[in-house]
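Notes for the one structure printed next.
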Amino acid sequence: DSGVTQTPKHLITATGQRVTLRCSPRSGDLSVYWYQQSLDQGLQFLIQYYNGEERAKGNILERFSAQQFPDLHSELNLSSLELGDSALYFCASSVPGGGTGELFFGEGSRLTVL
Amino acid sequence: EDQVTQSPEALRLQEGESSSLNCSYTVSGLRGLFWYRQDPGKGPEFLFTLYSAGEEKEKERLKATLTKKESFLHITAPKPEDSATYLCAVQAPPIFGNEKLTFGTGTRLTIIP
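Chains A and B supply the protein sequences, listed in that same order. According to my numbering, the stretch in the first sequence is residues 1 to 114, in order. According to my numbering, the stretch in the second sequence is residues 115 to 227, in order.
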């Protein structure tokens, strides 16, 4: 158990819909990262937050947004969903200050868009 | 742009048959190279960090090595429980606090009893 909690574990929805994925980092970790994993592309970095502020942005679509709240949990919002958004979405956290590359991953949220 | 290429994509070994996984990378100034293990339906689990060429790290049957262009994950006398996907990732020096890891697509390792 990494200590990172993600909900929901599985989500099935239709094209055009909007979903919210939730992540609680390990106790004391200030950085939260979101990654998307699909069969053909591996783990793709989406976005990083550090203590409530956006720190880095990867190839995140404009239809996607995220935020980190004062209690350090984070949410990833996916809207106007398309079939190609079906993937595993992972949240990870790292020790205060980050930068070590040692990320603690949750078990992921599997999104299926029909 | 940072790039990580892992080979082979899949590897099947008999129990006890040693082998190596390769990770070649292109990055603007390597801050660190990382190996993760991912079991089916689970999130990646951190294994090693390597910072400079010539560095080696060991953990049980696994040994990771690093050169200026690639890293190897050597598996000695593997057991069925070593079956997993092994992911390699690199981190460039942070720019404006960007600390993202760039991952390869992984090597799916299967150890046959």
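C-beta: ideal position from N, C-alpha, C; glycine also. Fair warning: this is a prediction, and the values are worked out from it, not measured in the lab.
Taking the Cα positions, Cys23/A is about 6 Å away from His73/A. Leu30/A and Gln37/A have their alpha carbons spaced roughly 23 Å apart.
Not one beta carbon of chain A lies nearer than 8 Å to the beta carbon of Leu127/B.
For Gln117/B, the closest Cβ of chain A is not nearer than 8 Å.
Taking 8 Å as the threshold, the shortest C-beta distance from Phe186/B to chain A does not fall below it. If you check the CB distance, Val4/A and Ala92/A come in under 8 Å.
With a threshold of 8 Å between beta carbons, Gln67/A makes no contact with chain B.
Counting only Cβ-Cβ distances below 7 Å, Leu11/A has no contacts in chain B at all, with the closest Cβ about 15 Å away. Look at the stretch 52-64 of chain A: the residues with a C-beta under 7 Å from a C-beta of chain B are Arg55, Ala56 and Gly58. For Gln36/A, no CB of chain B lies under 8 Å from its own CB, so it is not counted at the interface with that chain. Residue-level contact check: Gly130/B does not touch chain A, since none of the beta carbons of chain A fall below 8 Å from its beta carbon.
Spatial neighbours of Ile60/A in its own chain (CB-CB distance under 6 Å, excluding positions within 5 residues in sequence) are listed in chain order as Leu46 and Ile47. A Cβ-Cβ contact shorter than 8 Å links Arg110/A with Leu88/A. Chain-ordered, the chain B residues with CB closer than 7 Å to the CB of Gly106/A read Gly157.
Of the candidates Leu125/B, Tyr139/B and Thr140/B, the residue whose Cα lies closest to the Cα of Ser133/B is Leu125/B. In the DSSP assignment, Asn136/B falls within the unbroken beta strand (DSSP E) covering Ser133 to Thr140. Gly84/A does not reach chain B, its nearest Cβ partner there being about 17 Å away, counting only Cβ pairs nearer than 9 Å.
Its chain contains Gly16 and Arg63 as the residues whose beta carbon lies nearer than 7 Å to that of Ser80/A, once the 5 sequence neighbours on both sides are disregarded; these appear in chain order.
DSSP places Gln117/B in the uninterrupted beta strand (DSSP E) bounded by Gln117 to Ser121. In the structure shown, Gly220/B falls within a coil segment according to DSSP collapsed to helix, strand and coil.
Not a single C-beta of chain A is nearer than 8 Å to the C-beta of Thr221/B.
Closest option to Arg145/B, judged by alpha-carbon separation, among Pro207/B, Gly220/B and Leu223/B: Pro207/B.
Inclusion of Pro154/B and Leu201/B in the CB contact set at 8 Å is not warranted, their separation being larger than that value.
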